[in-house]
Amino acid sequence: MRCEQGIIAGETILCFDCHSDQGTCNDGECEGAVCIKMETSNRDNERRTVQKGCGEEVEESGCQQSSFGSKWTSRCVCERSLCNGDAALVAAGLEPSSGTVAASLPITQLILLSFVLFFIAASCSLLLINTLCIHCC
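Start counting the sequence shown at 82; every next residue gets the next number (our numbering).
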């Protein structure tokens, strides 16, 4: 049985424990309540840093991603031994199989881009209407 504040004796799992600036790693070992994989990427220079390890607090399994400009971060938590390995995260459906950062824009950036394009189109339409009125009237 697990408690919410930490690990009850005998309930630890084995996880990969490594750090890589080369994109990925699946070595080293640690024991904890959960396994964690954190990844940061920069789309501008394609630099990718991965850190894997153990968490002492019980957390819900899943991944959280965030993006700001060219920076992208991901944090995945899982509750089985060695589940923070690349193949295990893909098999669990927590991470895409390509191992690359998705090139799609976050919803807020898409909304802002849509507004900018709308205002550009509206401005061009007003200029065209104004030009036609001046020449025809």
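Positions of the beta carbon are idealized from the N, C-alpha and C atoms, including for glycine. Quantities reported herein were computed from a predicted structural model and do not represent experimental measurements.
Smallest Cα separation from L95: which of D102, Q103, N107, S101? N107
Per DSSP, what kind of secondary structure is C218 in: helix, strand or coil? coil
Can you tell me whether G87 is buried or exposed, with buried defined as 16 or more other CB within 10 angstroms of its CB? Because the pLDDT of G87 is 45, which lies under 50, any placement of that residue in the model is unreliable, and the number read from its coordinates should be weighed accordingly. Under this definition G87 is an exposed residue.
For L95, the residue or residues it bridges with in DSSP: E112
DSSP state of S101 mapped onto helix, strand, coil: strand
From what residue to what residue does the beta strand (DSSP E) around V158 run? 152-159
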